[in-house]
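Notes follow once the structure below has been shown.
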Amino acid sequence: GPWAGMKIVHTIHGLPFHPYGRAAANLLYILLERQAARHTDALISVADAMTRQALAAGVGTPDQYTTIYSGMEIKDYLTRPAGVEEFRGSLGLADEDVLVTQVARLAELKGHEYILAAAERLGDPHLHFCFVGDGRRRGRIERAVRRAGLQPRVHFTGLLPPRDIPVVMHASQIIVHCSLREGLARTLPQAMLAGKPVVSFDVDGAREVVDADTGVLLEPRDVPGLKLAIETLARAPQLGARLGGAGRDRAAGIFDHERMVDRIEGLYGDLCRGMDLDS
Numbered sequence: 721g722p723w724a725g726m727k728i729v730h731t732i733h734g735l736p737f738h739p740y741g742r743a744a745a746n747l748l749y750i751l752l753e754r755q756a757a758r759h760t761d762a763l764i765s766v767a768d769a770m771t772r773q774a775l776a777a778g779v780g781t782p783d784q785y786t787t788i789y790s791g792m793e794i795k796d797y798l799t800r801p802a803g804v805e806e807f808r809g810s811l812g813l814a815d816e817d818v819l820v821t822q823v824a825r826l827a828e829l830k831g832h833e834y835i836l837a838a839a840e841r842l843g844d845p846h847l848h849f850c851f852v853g854d855g856r857r858r859g860r861i862e863r864a865v866r867r868a869g870l871q872p873r874v875h876f877t878g879l880l881p882p883r884d885i886p887v888v889m890h891a892s893q894i895i896v897h898c899s900l901r902e903g904l905a906r907t908l909p910q911a912m913l914a915g916k917p918v919v920s921f922d923v924d925g926a927r928e929v930v931d932a933d934t935g936v937l938l939e940p941r942d943v944p945g946l947k948l949a950i951e952t953l954a955r956a957p958q959l960g961a962r963l964g965g966a967g968r969d970r971a972a973g974i975f976d977h978e979r980m981v982d983r984i985e986g987l988y989g990d991l992c993r994g995m996d997l998d999s
């Protein structure tokens, strides 16, 4: 790039170094990111948290960073799609059943074990849990479900195509996100756009969209807090509706894909000023 007279832009969706990584691997990643940043004209972060973490590790300088939230087709989430009743029916749910859903890979650090621990403490037979996604830990999670005797209330959908995620969101009453590391999980704005209350561990960029007006933020691994939040929202649908409505209003103003494209185009335009693009 630099040798050809081109500008280089790098987008950070999630940093490769993190508190749960091995020290040697983290050091290598940090050194590589520092070197790459020296040859980068602009760095786009999907959350302010990513910028803070990168700068704390000595990656780049503050003037290189711009936060641009990942956009999406918000209209797909703002209105209730067809197929909601069919999805709930495929899980064997009755109208009065409350569905608590996490959309995430079945992988390490995604926090499914904390949801299962909370589910064990929540004995309401009308409270169901759904794990959307797949991954190498699926067998381990399924065995944990069987050991806990939760098979009637815990459902696995496997990996679903993106077009089905709005259906999942609207079919659920509560969306949880218990990952221990994440740039800014797309499931949070997706849930908010669908008007659903979110319960999330307070990691990385979650607090930039979730607060007391739109959901519940918890310390990572806080199973008692997770249990209480789910129980409270399940028993008070009017509270969930209020939080979900506020979340929809907030997310619609931030995560529209057109806003994202406009901001990226603006950044590219700023970088290209003064360049001879015809040579």
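According to this note's numbering, the sequence shown is numbered sequentially starting from 721.
Glycine included, each C-beta is placed from N, C-alpha and C at the ideal position.
{"query": "Cβ contact (3+ pairs, closer than 8 Å) linking the segment 912-926 and the segment 836-848", "result": "no"}
{"query": "Status (buried if at least 16 other CB within 10 Å, exposed otherwise) for residue 981", "result": "exposed"}
{"query": "Beta-carbon proximity check, residue 928 vs residue 769, cutoff 9 Å", "result": "yes"}
{"query": "Exposed unless 16 or more other CB atoms sit within 10 angstroms - verdict on residue 886", "result": "buried"}
{"query": "Coil, strand or helix - residue 1000 by DSSP", "result": "Outside the shown range of the chain, which is 721 to 999, sits residue 1000, and nothing can be said about it."}
{"query": "Residue 871, enclosing beta strand (DSSP E) - first and last residue", "result": "Here residue 871 belongs to no beta strand (DSSP E), and DSSP marks it neither H nor E."}
{"query": "Residues near residue 827 in its chain [Cβ-Cβ closer than 7 Å; skip 5 each side]", "result": "855, 856, 857"}
{"query": "For residue 853, the residue or residues it bridges with in DSSP", "result": "878"}
{"query": "Span of the alpha helix (DSSP H), counted from its first residue to its last, around residue 943", "result": "943-955"}
{"query": "Own chain partners of residue 763 with C-beta closer than 6 Å, once the 5 adjacent residues on each side are dropped", "result": "730, 780, 784, 785"}
{"query": "Local Cβ density within 10 Å of residue 958, reported as buried at 16 or more and exposed below that", "result": "exposed"}
{"query": "Integer-rounded CB distance, given that residue 946 should sit under 8 Å from residue 838", "result": "4 Å"}
{"query": "Distance between residue 984 and residue 833 (C-alpha atoms, nearest Å)", "result": "38 Å"}
{"query": "Counted within 10 angstroms of its Cβ, other Cβ atoms place residue 802 as buried (16 or more) or exposed", "result": "exposed"}
{"query": "Whether residue 975 touches residue 861 by CB criterion (9 Å)", "result": "no"}
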